[in-house]
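Its first residue numbered 1015, the sequence shown is counted upward by one per residue in our numbering.
Read the structure below first, then the notes.
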Amino acid sequence: MSTQTLPDIRKTITLQAPIEKVWKAVATAEGISAWFMPNDFEPVVGHEFHLEAGHFGKSPCKVTDIDPPNRLSFTWGKDWTLTFELAAEGEATSFTLIHAGWTAEQVTEFGQPHEAVRDTMSQGWEGIVGKLAEYVQR
1015 MSTQTLPDIR KTITLQAPIE KVWKAVATAE GISAWFMPND FEPVVGHEFH
1065 LEAGHFGKSP CKVTDIDPPN RLSFTWGKDW TLTFELAAEG EATSFTLIHA
1115 GWTAEQVTEF GQPHEAVRDT MSQGWEGIVG KLAEYVQR
């Protein structure tokens, strides 16, 4: 049986904020709560934490890579990996969100096929990345 991998979701935006400010927004519990979800994140490789996903409950996560202030990766739920990549562009910051782990044959822990959820999540990330922009650019 072959496994058909679906493309990663990638969202890139230029934020009119210095990289240190963006890093605090994406690599601290307080920052992540402000634009994404409440959590008990700590910026330590191997740290297990939860994203509080509303009616979906608490999603287990684990920090897998951290390179301040350029990169943070963590697992999310049973299938996915989220990566935040930052690069200074003068006084601005290029921010890329990568949501990986999509496989056509798999279903989420909530019983939804990856193929269906991926499109919804891709659209949702547009708004969430927009919230990050509002948070760091104020």
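We put the CB at the ideal spot given by N, CA and C, even for glycine.
Residue i - containing beta strand (DSSP E), residue span
{"i": "H1113", "result": "A1106 to A1114"}
{"i": "K1076", "result": "K1072 to D1081"}
{"i": "R1085", "result": "R1085 to W1090"}
{"i": "A1118", "result": "From DSSP, A1118 is part of no beta strand (DSSP E); its letter is neither H nor E."}
{"i": "F1124", "result": "Careful: F1124 lies outside any beta strand (DSSP E) and carries neither H nor E."}
{"i": "T1097", "result": "W1094 to E1103"}
Length of the line joining the Cα atoms of residue i and residue j
{"i": "E1063", "j": "A1043", "result": "The sequence given here has Phe at residue 1063, not Glu. Going by the C-alpha atoms only, they are around 10 Å apart."}
{"i": "V1131", "j": "G1104", "result": "36 Å"}
{"i": "T1134", "j": "V1059", "result": "29 Å"}
{"i": "K1072", "j": "G1115", "result": "19 Å"}
{"i": "H1113", "j": "R1024", "result": "7 Å"}
{"i": "D1155", "j": "G1068", "result": "There is no way to answer for residue 1155, as the model of the chain reaches only from 1015 to 1152."}
{"i": "V1143", "j": "I1033", "result": "15 Å"}
{"i": "G1011", "j": "G1091", "result": "No answer is possible for residue 1011: the residues shown for the chain start at 1015 and end at 1152."}
{"i": "K1035", "j": "C1075", "result": "23 Å"}
{"i": "S1047", "j": "T1117", "result": "28 Å"}
{"i": "V1077", "j": "T1026", "result": "21 Å"}
{"i": "K1145", "j": "F1109", "result": "13 Å"}
{"i": "E1129", "j": "R1152", "result": "36 Å"}
{"i": "A1102", "j": "Q1018", "result": "35 Å"}
Of the listed residues the options, nearest to residue i (C-alpha basis)
{"i": "K1038", "options": "T1134, T1107 and Q1126", "result": "T1107"}
{"i": "P1083", "options": "A1067, P1057, I1112 and A1118", "result": "P1057"}
{"i": "L1020", "options": "R1152, T1028, P1127 and A1041", "result": "P1127"}
{"i": "I1080", "options": "F1098, H1069 and W1049", "result": "F1098"}
{"i": "E1119", "options": "G1138, D1093 and E1140", "result": "D1093"}
{"i": "Q1137", "options": "T1078, L1111, G1125 and K1035", "result": "L1111"}
{"i": "F1124", "options": "H1061, F1070, A1102 and V1077", "result": "F1070"}
Integer-rounded CB distance, given that residue j should sit under 8 Å from residue i
{"i": "L1096", "j": "F1088", "result": "6 Å"}
{"i": "A1031", "j": "V1150", "result": "4 Å"}
{"i": "L1029", "j": "M1051", "result": "L1029 to M1051, Cβ: 19 Å. No contact."}
{"i": "L1086", "j": "A1041", "result": "5 Å"}
Extent of the continuous alpha helix (DSSP H) run through residue i
{"i": "T1155", "result": "Outside the shown range of the chain (1015 to 1152) lies residue 1155, about which nothing can therefore be said."}
| Start-end ranges of the alpha helix (DSSP H) lying completely within the region 1022-1078, minimum 4 residues | Fully enclosed alpha helix (DSSP H) runs of 4 or longer: 1033-1040 and 1043-1049.
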